[in-house]
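Chains as they are written, first to last, in the numbering used here: chain A, 1 to 476; chain B, 1001 to 1389.
Cβ atoms here follow ideal geometry from the backbone N, Cα and C, with glycine treated the same way.
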Amino acid sequence: MPKDRIYSLLESIVGTGNVSNEPYTLECYACDSTTNLPSLPNYVVIATTVEQIQALVRLANKEKIPIVPAVGMSNTGGLAIPVEGGISLDLHKMDKIVEINEDIDYAIVEPGVTIGQLDTELKKRGYWVSLPVGPPGSAGLLPGYILHGYGHLGGKFGINSEQITGAELVLPDGELVRLGGCAISSYWFHRTPIPDLLGLILGWQGTTGIVTKLGINIYPRPGFKDAIGWGAFTSHNEPLPETCARFLIKIARAEVAHDISGHSWGAVQIGKGLKYPLPPKPKEDPELYFAATIYAFTEEELTVKKKILENIVKKGIDSGLPLAYTDVTGRIKVEMPTKYALKYSDHRGGGGLDYIGSITPVINWTQGIKRLNEVFDKYGFTPYIRLSIYRGTLQGMMRALMPYNRSDEKDIEAVRKIARDVVHVILDCGGLIYKAPSFACEEMWKRGDPNFFKLLKEIKQTLDPNRIMNPGRLCL
Amino acid sequence: MSLEDYREIVHLCRLCGNCRQCGTTYLPCCPAGERFALDEYYSRGKSIIAKGLLEGRLIWTYSIANAVYRCTMCGACTEQCPVDYKDYILKVFGALREESVERSLVPPEVRNFFENIQNFGNPFKEPRKERGRWADGTQIRQYEPGDEFLYYVGCIGSYDTRANKIAKALGDIFLRSGLSFGILGSEETCDGNEVNMLGEKGLFELLAKENIKKFEKLGANKIVTLSPHAYNTIKNEYPHYGGKFEVKHYVQFLKEIIWIGKINISKALHARVTYHDPCFLGRYNEEYDAPREILRSIEGIELVEMERNRENSFCCGGGGANFYTDLFGSTEDSPARIRIREAYSTGASILAVACPACMTMLEDALKVEGFEKELKIMDISEIVEGVSQ
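See the structure below:
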């Protein structure tokens, strides 16, 4: 392709070989594994330094060209699809773990650091962090944190964005700013007690700037692991009766487990590698599988924790709830990060995996799961629902996943419809969509406080008057 | 198979990007991706390009072919791919290359490679009659019917000055074993592994059939190769053309003859050694243990692993004929230089290899990185020659 003026300017910033406007390059950055419509960027740029990013953002501002960051190319939700074209900014080469502070227990990472990369380094030092559950280890760590993703230790530490201690941000005008305590202190230990400006990036889907460094809490890594599992032997029409939802709340309130998660029967079968269509669910199988995973630093601690949970489950069973123990040997063996979730996309012949995830009050899962089943049934898809409870609260992740065949237009259309229906179910249940695609944002803003969206727009306008940062996201 | 045959396959790619890192160390696994960084150089990007071509969103250009050939076919991405697509990745790469050949879009370096193989039987434009020159002055002789095995040397071992030494060292070990063997000398021709990897199926078929005919005529049923590339193609591709031979890579054969006492390891070698897995011996043929067992059998050797090893090994950058075409060039991010730095970081004084292409690539990188005083690259045959009787 001929090099135009913008191409030459980009090349002058990042060097030859780090810019492309070849159609085949652009195609690679136009899509993800979801049903979000592909959209081509005009240029793809590889940046390796903060200074380059600043220069690129300044150029984008001057020329009023959109700029959309991407990292590990495992993007979902269409969040890195350049819906209005512009520059796809590939940051995967910025992959340094800047600091691991073992005195104050935090790590600072560049945007290209992957989930597996940080975990490998922390493991050597006897530390860990809450790792995003769905993506592979090769996915970028940073997006899952700043977009309020769920981690495998969410039952203990809460949502991943709560672990963020500070950030370095290139603002839409190219200025560099630190957010959190690191704006004042040389340490990146916490975002308070000063005004918490991290709110300017968390959940903003890259519309307010480009995060070039992120500080997160790290924790000592326990050496012992166990889990207990139980199933809800209910019905497809009433998968999680209110009594069972209240039982989950008891497990959460014990604050013993590092993770409390559930999967629908179909999800478990898909996880085993079964292809569509699944056989009918055997009567002896539960509708929902749950597991509480516990970690401990000593065997004694592990035993006590397990006993606490077993007592709660036993009481639940003894009280007549439709629950029974299930085997969780496999779960105990699984080491994070795992590629397990990626197999789901093979279920209907391959490639595609869409999802709508939410944070929803646990008590409303009763209504939510029932209605999600109805949505899946309506379109002839296997109900694939995943649940996880966050630390210390009685809300958690309720997610509907839709494996689909990327070459089948009927599948794609059905999944798009399912996604829209799921958004309504979640919002009806008082939930909030995370990593929300634009159509989900539209519905949220429509239902919500009009002044909230007004304020969002005003902040965006102040920070990014030329609307260069990932335009089209959040309906901004 | 043509790209069209993969129309219902390419969408199996999950677009997850897991083809970028190895799943144990989370270090980069793709040599092309490390060197060129843009997504089209990873398997994820290539699946998107293939889909785009098949669905008419992209049209074939020289640039696309250029990107398609900037891959060593090392197979690292197939090890990491978590979905059904993993079984098709290299086939799709192959189909993209075949189509590049059919459309006459191959890069000039690749075209030269094909022409040289066709005209000279080797990529270096060296005369065929010089092919056995490396064995002059040795006791190594021409293969004769009835010999216990044929020593197939290959193009690099026959013509490259450094690889000549490896060929001789291995020949010397074979002589010491007392087993009867011979080479084809000027009668030998390219095995075709790289031609196949580069997608010139017609030329590969000619080479395969010519070699099969030659081996059969001589009654050479048992073949030991110097190069893992030749081993791979004779073992896995020649059977498609009717050629069925008992073929071993030399490390497999060496391990056996050491075990049965045909070769006596009589000296110690006090050194810290790290071993680089060649892709066509390791990932393609799952032979990881034989070279390590040989090294461990030598007194004094402390075998240390690089972070990326066995199925997660990092390609030297020489695969897919890049040892000749040099489409990756030499920069700080070129695979061989990355690999040398990794070997150096183990504190080893010897980097052991079992492939003449790896030797060529890594020795060049060693010089550029300036580690020649601290690190020496030796083929396993050279190590064994030095400690055996």
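Under DSSP, residue 1038 of chain B takes part in no beta bridge, so it has no partner. DSSP lists no beta-bridge partner residue for residue 367 of chain A. Annotation for residue 1346 of chain B: 1274, 1304 and 1306 place their beta carbon closer than 7 Å to its own, counting only its chain and skipping 5 residues before and after. Within the model, the alpha-carbon separation for residue 1232 of chain B versus residue 138 of chain A is close to 30 Å. Within chain A, the residues whose beta carbon sits less than 8 Å from that of residue 1049 of chain B are 24, 27 and 28, listed in sequence order. Around the beta carbon of residue 66 of chain A, a 10 Å sphere encloses 16 or more other beta carbons of the protein chains shown; the residue is thus reported as buried. Not a single C-beta of chain B is nearer than 8 Å to the C-beta of residue 50 of chain A.
Look at the beta carbons and you see the stretch 214 to 223 of chain A not touching the stretch 346 to 353 of chain A: under three pairs across the two are nearer than 8 Å.
Rounded to the nearest whole angstrom, the CA to CA distance from residue 1241 of chain B to residue 1208 of chain B is 7 Å. Going by DSSP, residue 47 of chain A is part of no beta strand (DSSP E) at all; its letter is neither H nor E. For the stretch 321 to 343 of chain A, the set of positions with a beta-carbon nearer than 7 Å to some beta-carbon of chain B reads 339, 342 and 343 in chain order. Against chain B, a Cβ distance below 7 Å from residue 44 of chain A picks out 1038.
When Cβ-Cβ separations below 8 Å define contact, residue 93 of chain A makes contact with chain B. Residue contact check for residue 1044 of chain B against chain A: a CB pair falls below 8 Å. Near chain A, meaning a CB-to-CB distance below 7 Å, the residues of the stretch 1007 to 1035 of chain B are 1008, 1011, 1012, 1013, 1014, 1015, 1016, 1017, 1018, 1020, 1021, 1023, 1025 and 1026. Secondary-structure assignment with DSSP links residue 1152 of chain B through a beta bridge to B/1225. Contact between the stretch 193 to 210 of chain A and the stretch 278 to 288 of chain A is not established, with fewer than three Cβ pairs separated by less than 8 Å. In its chain, beyond the 5 residues on either side, 1156, 1227, 1229, 1278, 1316, 1318, 1319 and 1323 have a beta carbon closer than 8 Å to the beta carbon of residue 1357 of chain B. Listed along chain A, the residues sitting closer than 9 Å to residue 1064 of chain B by beta-carbon distance are 22, 23 and 24. Rounded to the nearest whole angstrom, the CA to CA distance from residue 241 of chain A to residue 252 of chain A is 17 Å.
Remark: C-beta atoms of residue 1224 of chain B and residue 1149 of chain B approach each other more closely than 8 Å. Pairing residue 1268 of chain B with residue 1300 of chain B gives a Cβ-Cβ distance under 8 Å. The C-alpha of residue 288 of chain A lies about 6 Å from the C-alpha of residue 231 of chain A.
Residue burial is scored here from C-beta neighbours: residue 168 of chain A has at least 16 other C-beta atoms within 10 angstroms and is therefore classed as buried. Note on geometry: alpha-carbon atoms of residue 1335 of chain B and residue 1031 of chain B lie some 5 Å from one another. Residue 8 of chain A counts as exposed, since fewer than 16 other beta carbons sit within 10 angstroms of its beta carbon. Contact with chain B is absent for residue 149 of chain A, since none of that chain's Cβ atoms lies less than 8 Å from the residue's Cβ. In this structure, the straight-line span from the alpha carbon of residue 106 of chain A to that of residue 1033 of chain B is close to 30 Å.
One thing to note: residue 170 of chain A has its Cβ within 8 Å of the Cβ of residue 50 of chain A.
Annotation for residue 285 of chain A: 231 and 265 place their beta carbon closer than 8 Å to its own, counting only its chain and skipping 5 residues before and after. By a beta-carbon distance limit of 8 Å, residue 426 of chain A does not contact residue 375 of chain A. Their separation comes to about 11 Å. In this structure, residue 1130 of chain B and residue 1201 of chain B do not form a Cβ contact; the two beta carbons are roughly 28 Å apart against a cut-off of 8 Å. Residues of chain B with a Cβ closer than 8 Å to the Cβ of residue 267 of chain A do not exist; the shortest Cβ-Cβ separation is about 17 Å. For residue 371 of chain A, no CB of chain B lies under 8 Å from its own CB, so it is not counted at the interface with that chain. Residue 70 of chain A places its beta carbon 8 Å or farther from that of residue 13 of chain A. For a cut-off of 8 Å, the C-beta gap from residue 184 of chain A to residue 161 of chain A is around 21 Å, too long to register as a contact.
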